[in-house]
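Student:
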Amino acid sequence: MSWESLITTELGWIVLGAVLAGLVRGFAGFGTAMVFLPVAGSVVSPIWALTIMVVMDVIGPLPNVPRALRDGHPGDVVRLSAGMLLALPIGILLLSAMAPDAYRYAVSIIALILLVALIMGLRYRGPLGKKLIFGTGAIGGFLMGSIGLAGPPVIMLYMASTHPAKVIRANLTLFLLSADAMLLVFFAITGFLSLTPVVMGLIVAVPYLLANVAGAAIFKPEYEKAYRIAAYTIIAGSAIAGLPIWD
Numbered sequence: 000m001s002w003e004s005l006i007t008t009e010l011g012w013i014v015l016g017a018v019l020a021g022l023v024r025g026f027a028g029f030g031t032a033m034v035f036l037p038v039a040g041s042v043v044s045p046i047w048a049l050t051i052m053v054v055m056d057v058i059g060p061l062p063n064v065p066r067a068l069r070d071g072h073p074g075d076v077v078r079l080s081a082g083m084l085l086a087l088p089i090g091i092l093l094l095s096a097m098a099p100d101a102y103r104y105a106v107s108i109i110a111l112i113l114l115v116a117l118i119m120g121l122r123y124r125g126p127l128g129k130k131l132i133f134g135t136g137a138i139g140g141f142l143m144g145s146i147g148l149a150g151p152p153v154i155m156l157y158m159a160s161t162h163p164a165k166v167i168r169a170n171l172t173l174f175l176l177s178a179d180a181m182l183l184v185f186f187a188i189t190g191f192l193s194l195t196p197v198v199m200g201l202i203v204a205v206p207y208l209l210a211n212v213a214g215a216a217i218f219k220p221e222y223e224k225a226y227r228i229a230a231y232t233i234i235a236g237s238a239i240a241g242l243p244i245w246d
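Residue 210 in numbering that gives the first Met the number 0 sits at position 211 of the sequence shown; the count goes up by one each step and never skips.
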């Protein structure tokens, strides 16, 4: 894929996906992959889409990290990240064998299934033990490596917890930042990391960062339900638009 091609329609779609993902991530604390990957996966290869996302996503949430460290539970984030580290390479192995259209179907359909599960309230209702948190991180790691969706299993675990919204949002922010950094390192180790998508990620990191800050600025815990509805709507629209049936 040439730079001339990327500078036209493809770049426009990627920037649009980045802005929408940044807004959702800023006010909801999750949703970057569920919004961005269906859009980006429709114009670039799966590995490129993931590379662009993790590069921009490592940078984008950084202004929100101090607040997340104050509000969150770092011990839980460490356990989630440890589980993710265990399963991430298995997911990457699956990704390397996946055709582009198969990836687009997978990321869109799984995003929609997980979205429906969230809306229907299909969440874990028991105590949040250390082993359970570790195992959830491992599921997130496998999904991160294979299709880039590390967040939904953790979201489904936490949304039914007794933690206040700001704690859930903070833990998700820190966990997803850890997921992005790990995937970038593994891509570098396995030779999947290339210069063009890294540069693309740096370019779209600017609008993504600005949208992330804007989303965080408008977040008010008392309007949590409204933010969730907005996030779910954007996620559903991106997932449906990313299906190959529209080509």
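Just so it is clear, CB atoms sit at the ideal spot from N, CA and C, and this is done for glycine as well.
Taking a contact to mean a Cβ-Cβ separation below 7 Å, would you say residue 115 touches residue 40 in this structure?
Tutor: Numbered from 1 along the sequence shown, position 116 holds the residue referred to as residue 115. Numbered from 1 along the sequence shown, position 41 holds the residue referred to as residue 40. Taking 7 Å as the Cβ cut-off, residue 115 and residue 40 do not qualify as a contacting pair.
Student: Are at least three pairs of beta-carbons, each pair with one atom in the region 196-214 and one in the region 159-168, less than 8 Å apart?
Tutor: The answer is no - the region 159-168 does not touch the region 196-214, with fewer than three Cβ pairs under 8 Å.
Student: In this structure, how does DSSP classify residue 177 when only helix, strand and coil are distinguished?
Tutor: As a position in the sequence shown, residue 177 is number 178, starting the count at 1. Of the three classes helix, strand and coil, the one that applies to residue 177 here is helix, per DSSP.
Student: Whose C-alpha, out of 219, 187, 57 and 134, is nearest the C-alpha of residue 178?
Tutor: Residue 178 sits at position 179 when you count from the first residue of the sequence shown. With distances taken between Cα atoms, residue 178 lies closest to 57.
Student: Please work out which residues of its chain come closer than 7 Å, Cβ to Cβ, to residue 78, disregarding the five sequence neighbours upstream and downstream, and give them in chain order.
Tutor: Start at 1 with the first residue of the sequence shown, and residue 78 comes out as number 79. 129, 132, 133 and 136.
Student: Using only CA atoms, which one of 31, 33 and 48 lies nearest to residue 99?
Tutor: Taking the sequence shown and counting its residues from 1, one reaches residue 99 at position 100. It is 48.
Student: Starting from the C-beta of residue 145, find all residues in its chain whose C-beta is less than 7 Å away, skip the five residues before and the five after it, and write them out in chain order.
Tutor: Taking the sequence shown and counting its residues from 1, the one referred to as residue 145 is at position 146. So the qualifying residues of the chain are 90, 93 and 94.
Student: Which ranges would you report for the alpha helix (DSSP H) in the region 73-155 if only whole runs of at least 4 residues count?
Tutor: Counting whole runs of 4 or more residues, the region 73-155 contains the alpha helix (DSSP H) stretches 73-95, 99-119 and 129-145.
Student: Tell me where the alpha helix (DSSP H) around residue 14 begins and ends.
Tutor: Within the sequence shown, residue 14 is the residue found at index 15, counting from 1. Counting along the chain, the alpha helix (DSSP H) containing residue 14 begins and ends at 10-27.
Student: Please work out which residues of its chain come closer than 6 Å, Cβ to Cβ, to residue 157, disregarding the five sequence neighbours upstream and downstream, and give them in chain order.
Tutor: On the sequence shown, residue 157 is found 158 positions in, with the first residue counted as 1. The answer, listed in chain order, is 167.
Student: In angstroms, rounded to a whole number, what distance separates the CA positions of residue 212 and residue 184?
Tutor: Taking the sequence shown and counting its residues from 1, the one referred to as residue 212 is at position 213. Taking the sequence shown and counting its residues from 1, the one referred to as residue 184 is at position 185. So the two alpha carbons sit approximately 26 Å from each other.
Student: Distance check for residue 22 and residue 249, CA to CA, integer angstroms please.
Tutor: Outside the shown range of the chain, which is 0 to 246, sits residue 249, and nothing can be said about it.
Student: Just confirm the distance between the C-beta atoms of residue 171 and residue 26, as a whole number of angstroms; I'd bet it's less than 8 Å.
Tutor: Locating residue 171 in the sequence shown gives position 172, where the first residue counts as 1. Locating residue 26 in the sequence shown gives position 27, where the first residue counts as 1. Wrong, their Cβ atoms sit about 12 Å apart, outside the cutoff.
Student: Could you give the first and the last residue of the continuous alpha helix (DSSP H) run that contains residue 50?
Tutor: Counting from 1 along the sequence shown, the entry for residue 50 is found at position 51. It spans 45-58 - the alpha helix (DSSP H) in which residue 50 sits, taken as one unbroken run.
Student: Looking at residue 67 and residue 173, is the spacing between their C-beta atoms short of 7 Å?
Tutor: One-based indexing of the sequence shown puts residue 173 at position 174. One-based indexing of the sequence shown puts residue 67 at position 68. Cβ atoms of residue 173 and residue 67: closer than 7 Å.
Student: Return the first residue and the last residue of the alpha helix (DSSP H) that residue 223 is part of.
Tutor: Taking the first residue of the sequence shown as position 1, residue 223 is located at position 224. Looking at the DSSP string, the run of the alpha helix (DSSP H) that includes residue 223 is 223-240.
Student: Out of curiosity, what's the CA-to-CA distance linking residue 242 and residue 50?
Tutor: Stepping through the sequence shown from its first residue, residue 242 is reached at position 243. Stepping through the sequence shown from its first residue, residue 50 is reached at position 51. Near 20 Å, if we compare the C-alpha coordinates of residue 50 and residue 242.
Student: From residue 151 to residue 34, what does the alpha carbon distance come to, in whole angstroms?
Tutor: Looking up residue 151 in the sequence shown gives position 152. Looking up residue 34 in the sequence shown gives position 35. One C-alpha to the other measures close to 12 Å.
Student: Expressed to the nearest angstrom, what Euclidean distance is found between the alpha-carbon atoms of residue 222 and residue 18?
Tutor: In the sequence shown, counting from the first residue as 1, residue 222 sits at position 223. In the sequence shown, counting from the first residue as 1, residue 18 sits at position 19. Spanning the two alpha carbons is a distance of roughly 21 Å.
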